[in-house]
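Data first, discussion second: the structure below is written as structure tokens.
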Amino acid sequence: MREESCIGCGFCEKVCPVNGRSAIVVEGIQPQVMTREIEIIEKEIFPATIDQWKMEERSKVYAGKDKLFEYINGGAEVYLSYSFIQVSTAIYVNKDSGSSVKIDIWEFGSSDDAYGVFAKDRAGKGVNIGNEASLYDNYLWVWKERYFITVEPYNGSVSPDDVTFVGTSVAGNFPAGKVSLPYIFRYLPEYGYVQGSSRYFHKKIILDNLYIFGRFIEKNVFNLSVQTDAVVAGFKPDKDRSPFKMLFVKYSDNQVAIESLNNFVALRESWGEQYLKTGQVHTFEDLKGKFSSVTCVNSLVIATFFVETREESELYIDKVVSKVKGPQY
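No gaps in the numbering here: position 116 of the sequence shown is 116 in UniProt numbering, and each next residue is one more.
Take a look at the structure:
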């Protein structure tokens, strides 16, 4: 069986099962890095000119794990925790001002993972480009199907309008298609949801940077892996209440989900927090009087963190349980 894209099986030590290329250099053999796809990127996605902007030199493509480490020496693991395929990069120079921008086009194995990387990096205000986009000063992030696009200043004076214009043009070169947010987003409560707060991921390396525990946890309590889909989202149901976060983790194996629930309960107990239980919902009160709750239903672990009242913490758990058990799911 041959895969459409690298799945990290490790078989490439001898021969890569991915059609059209080898994933690594083996004993000096030059890998075939998707020549046809690179040509498409250069001719269609990276045109020679974008109005007043001209590509400085031939675009570069970094495909696979080893090449990604060459491109970003530090931080590559974050992108590899998603279904990374390759990143293509090009510099465009404005022929009038001499200023330049750098464009990175990240390709992933699914639109879900491309969204996850976009959501991880985005900042600022939303703009109408691609499936979703965000602009902060003169930095632009765009999600377009299986691609995550960034446009940022490289040299000279670059305005927000500059990166928006270039980003809109590049995103428009991708074929139109219908995508949606990852399926797990259907479980998020609508009431009090903080727009733009969601982070979608698979592995612990992303969770470690979201600080939902208020401290670093060395153990992989929730058994996060490529087999799990997870979301952390922020909620603020009332302007007079403090915001709090929720975690959702969907498992392919219900036993792993139950084990993860038990891990979380054991962890909070080890911290000496007051343990309260209502039906299948486990709630803990920390030393500051904040509440965290957790439960498991249909291979989905749901947890709240640092909620002001026990009632609200358990109410939000119940909202999700109702969604999971509802007829639409």
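The beta-carbon is built from N, C-alpha and C at its ideal position, and this holds for glycine as well.
Nearest to residue i (by Cα), restricted to the options the options
i, options, result
"G177", "N131, F201 and I184", "N131"
"residue 330", "D137, Y136, S111 and Y154", "Limits of the chain in this structure are 1 at one end and 329 at the other, which puts residue 330 out of reach."
"S197", "N173, V170, A171 and L247", "L247"
"P182", "F69, F118, K60 and G172", "F118"
"A114", "F46, S81 and P327", "S81"
Residue i vs residue j beta-carbon contact at 8 Å
i, j, result
"I72", "I103", "no"
"E308", "R241", "yes"
"Q280", "T304", "no"
"E273", "E285", "yes"
"S100", "I91", "yes"
"T168", "L135", "no"
"N263", "V320", "no"
"G64", "S83", "no"
"Y200", "F174", "no"
"V301", "A257", "yes"
"F291", "S322", "no"
"L224", "K204", "yes"
"E107", "I85", "yes"
Buried versus exposed call for residue i [16 or more other C-beta atoms within 10 Å across all chains shown]
i, result
"N94", "buried"
"V249", "buried"
"L207", "buried"
"Q32", "Reliability fails at Q32, whose pLDDT of 39 lies under 50, so the model's placement of it is uncertain and no value is given."
"W53", "buried"
"E218", "exposed"
"G75", "exposed"
"F46", "buried"
"R122", "buried"
Residues that DSSP places opposite residue i in a beta bridge
i, result
"Q274", "E285"
"Y136", "Y139"
"N155", "S100"
"A303", "L247 and V294"
"F148", "W106 and W143"
Test: residue i CB closer than 8 Å to a CB of chain B
i, result
"L300", "Considering every chain present, this structure includes no chain B. It has just one protein chain."
* Quick one: which unbroken beta strand (DSSP E) runs of 3-plus residues sit fully inside the region 78–132? Chain order, please. => 84–94 and 100–108
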